[in-house]
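Protein chains in written order, with my numbering: chain P, 3 to 329; chain W, 8 to 266. In this text, a Cβ means the ideal position worked out from N, Cα and C, and glycines have one as well. Data first, discussion second: the structure below is written as structure tokens.
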Amino acid sequence: MIKIQNLTKSFGSNIVLNDVSFEIGKGEIVGFLGPNGAGKSTTMNILTGFLSFTEGKVTVDGLDMFDFPNEAKRSIGYLPENPPLYPEMTVTEYLNFVYELKGCTLNKKKHIEEILEVVKLTDVKKRVIGHLSKGYRQRIGIGQALIGNPKVIILDEPTVGLDPRQVVEIRNLIRTLGLNHTVILSTHILQEVQAVCDRVIVINRGKIVADKRTEDLASAVEGNRRLAIKVCGPEKEVTQALRSLPGVYSAECLGNLDSDSYSFVLESDAAIDIRKPLFSMLARNGWPLIGAEASNVNLEDVFLALINNTNTANAKKKRGSKKRNAN
Amino acid sequence: MFAIFKRDFVSYFTTPIGYVFMAIFLAVNGGLFSLMTLQAGSSGSISGYFSMVTVILAIVIPVLTMKSFSEEKKQKTEQLLLTSPVSIGKIVMGKFLSVYSIFSGTFVLGTVFNFAVYHEFADSLYLWVVEDAQREGALTRWDVLSHFILSILGPTIAVLLIGAAFSAIGIFISSLTENQLVSLISSIAIMLGFMFIASFNNLIPFEPIREVLDWLSVYSRYGNFLYGVFDFSAIVYYASICFVFLFLTVRVYEKRRWA
């Protein structure tokens, strides 16, 4: 559906996107993830034809964005970071305008009623946009992107400024949209990606860092199993005993809980479940186990690990080139 | 294109700007007409009015054009326009047509008012034209008609064309800034500049410069219409200013895409 090949975009000497390539198939919900300034919005702006690019090729539904921009734009619905609303218009007037602007051919009245229904705006359809709250405006923005039933829907941070209940609603809506649209969603909220997307593309400093299915992403970094436990017993001896358990890579004492109990973090081989041997070892020594919690690696850790990897790699490269220059 | 035209047109009347523009323009236009032709001590000639009316354009047209693109930029709605399947040329055209239709509509309305009043209070307009034509040696009905066309219709058409040129200039300037006040003030300055670029000609001792300034001046070309000459080259000149500035506006947006 969407194909980006070797996309490069630079503003003057500042390279914002560097040789980015990916493909998105029909009906996928793809999360576009990255820290601020990573190039998320730039990529979206290029995909929607708002910005041009320095090098590369962008095709949407088989149409080249460079050669047939107007035809390609027809199959895209876009919600930019700030919903593009005219504050003096009413909701219906605005949606009618977008309908005409996009040159749609569907049954106008019915189509707009449907969209109002989908984004739950029917109650406020006659209100002036300028008087509505941020949550409503965000939903008008999403409604606007849905007009004309575009094959691709691109949403730039769609849940910003919504209250928790609305966030859930919008996420549900996005999932429903994914049934018969291709959805691209940029965000820096990781739970959102976990909750909604089939696939995640992580971008940092203009480069793709990871492009994986959402569930694979966590296991990509998750090598070891981590266990946080609380034990009553002498600190040093317990640590020693923990380290000597088979399959345990490391055991650290995190500190004193009260007079005689300590908390520890164990990292062990993913293949071995150490909970049973751990329990019998502690029981043998007469050290009561008062708490145990498996701490899974979550998306946040993955994300930070990925970003840090690229940052340090870049830094190393830079240092290397400086050295070479010095020589 | 039609969608943009319609939205912009309606938005002038859902916000106060359209009403403010019409009120100021009609009031000043009418007042000026009355001062120049009807009031005691005035010359009674219509060309005096026509020579003044273009100055008002340079002040009221920026009121319409100041928001054309500046507001879209500020509200970030230009993203909607530029990602819709409409070419930049059509977006600019839609905006131009909405500004121009409000301006020309108001001006035509004002002209109808003016001449209705003139007809009522001064000598009958028709009689005035006939007398004036006869004074100039017109004999046939056709001569009278052509005199009418040249003395009233000619300048009216010229004003409409200058309005088109000024609208294009104003739209171009509004595409450069997201601040409406900056857009308003610089538009007024540039339009007045175009009007009076040749005013200081008698202070310039160098002939070629005078020629060039005279050629650029909106007002010098307008003069021919006031003397009852239907100057075709002036029409081409106004149309080309209009075209050049609309084209530049398109370029501003093209360039931003590529920046």
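Tell me which residues share the same chain as residue i and place their Cβ nearer than 8 Å to its Cβ, disregarding the 5 neighbours each side in the sequence.
i, result
"P:VAL18", "LYS11, SER12, GLY41, THR44, GLY208"
"P:LEU259", "LYS232, SER265"
"W:GLY88", "Before going on, a small fix: residue 88 of chain W reads as Leu here, not Gly. Around W:LEU88: ILE11, GLU79, ILE98."
"P:LEU9", "LEU19, ASP21, VAL22, SER23, THR45, ILE48, PHE55, GLU57, GLY58, LYS59, VAL60"
CB-CB under 6 Å to residue i, same chain, minus the five flanking residues each way: which ones, in chain order?
i, result
"P:ALA294", "ILE231"
"W:SER91", "none"
"W:LEU167", "SER111"
"W:ILE95", "VAL257, TYR260"
"P:PRO290", "CYS234"
"P:ALA74", "VAL62, LEU65, MET67"
"W:GLY55", "MET43"
"W:SER75", "LYS102, ILE178, SER181"
Residue j and residue i - do their beta-carbons sit closer together than 9 Å?
i, j, result
"P:ILE144", "P:MET91", "no"
"W:ALA246", "W:ALA165", "no"
"P:ILE117", "P:THR161", "no"
"W:ALA196", "W:SER227", "no"
"P:LEU53", "W:ARG264", "yes"
"P:PRO353", "P:GLY36", "This structure leaves residue 353 of chain P out entirely; chain P is present only between 3 and 329."
"W:LEU253", "W:ILE178", "yes"
"W:VAL115", "W:PHE40", "no"
To which residues of the same chain is residue i closer than 7 Å at the C-beta, ignoring the five residues directly before and after it?
i, result
"P:VAL100", "GLN146, ILE149"
Exposed or buried, which one is residue i when buried takes at least 16 other CB atoms within 10 Å?
i, result
"P:GLN242", "exposed"
"W:GLY101", "buried"
"W:TRP149", "exposed"
"P:LYS278", "exposed"
"P:ASP262", "exposed"
"W:TYR26", "exposed"
"W:THR147", "exposed"
"W:VAL219", "exposed"
"P:ASP165", "exposed"
"P:SER15", "exposed"
"W:LEU233", "buried"
"W:VAL239", "Strictly speaking, residue 239 of chain W in this sequence is Phe, with Val absent from that position. W:PHE239 should be labelled exposed."
"W:ALA34", "exposed"
"P:ILE26", "buried"
Over what stretch of residues does the beta strand (DSSP E) that includes residue i continue unbroken?
i, result
"P:GLN146", "Segment 136–148 is the alpha helix (DSSP H) holding P:GLN146; no beta strand (DSSP E) there."
"P:LYS122", "Neither: P:LYS122 is in no beta strand (DSSP E) and is coded neither H nor E."
"P:GLY293", "291–296"
"P:ASN206", "201–206"
"P:GLU153", "Reading off the sequence shown, one finds Lys at residue 153 of chain P, where the question assumed Glu. Per DSSP, P:LYS153 belongs to no beta strand (DSSP E) and is neither H nor E."
"W:TYR6", "Since the first residue of chain W shown is 8 and the last is 266, residue 6 of chain W is not available in this structure."
"P:LYS59", "57–62"
"P:TYR264", "263–271"
"P:SER188", "184–189"
"P:VAL18", "16–26"
How many Å lie between residue i and residue j at the Cα?
i, j, result
"P:GLY33", "P:ILE186", "6 Å"
"P:ILE172", "P:GLU30", "17 Å"
"P:TYR138", "P:LEU81", "14 Å"
"P:GLU269", "P:ALA212", "25 Å"
"W:CYS249", "P:GLY180", "47 Å"
"P:LEU256", "P:ASN310", "24 Å"
"P:ASN109", "W:VAL93", "21 Å"
"P:VAL198", "P:ASP218", "15 Å"
"W:ILE216", "W:PRO162", "27 Å"
"W:SER190", "W:ILE180", "6 Å"
"P:GLY39", "P:ILE142", "26 Å"
"W:VAL60", "W:ASN208", "22 Å"
"W:THR44", "W:PHE120", "14 Å"
"W:PHE32", "W:ILE68", "9 Å"
"W:LEU71", "W:VAL225", "20 Å"
"W:SER108", "P:GLY51", "30 Å"
"P:LEU229", "W:ASN186", "58 Å"
"P:ARG227", "P:VAL240", "20 Å"
"W:GLN86", "P:ILE274", "54 Å"
Residue i lies in the alpha helix (DSSP H); which residues open and close that run?
i, result
"P:LYS75", "71–76"
"P:LYS5", "Segment 4–13 is the beta strand (DSSP E) holding P:LYS5; no alpha helix (DSSP H) there."
"P:ASP213", "It is not in any alpha helix (DSSP H) - P:ASP213 instead sits in the beta strand (DSSP E) that spans 209–215."
"P:ASP260", "It is not in any alpha helix (DSSP H) - P:ASP260 instead sits in the beta strand (DSSP E) that spans 250–260."
"P:GLY33", "Taken as a continuous stretch (DSSP letters only), P:GLY33 belongs to no alpha helix (DSSP H), being part of the beta strand (DSSP E) at 31–35."
"W:ASN186", "First-last for W:ASN186: undefined, no H or E at that position."
"W:ASP150", "148–155"
"W:ASP15", "9–21"
"W:ASN231", "225–233"
"W:ILE159", "Unbroken run through W:ILE159: none, as it is neither H nor E."
"W:VAL259", "239–265"
Taking only beta-carbon positions, decide if residue i is within less than 9 Å of chain C.
i, result
"P:ASN311", "Any reference to chain C falls outside this structure, whose protein chains are P and W."
Is residue i near the ligand MG, with its Cβ less than 8 Å from a heavy atom?
i, result
"W:VAL99", "Ligands in the displayed structure: none, and consequently the ligand MG is not present."
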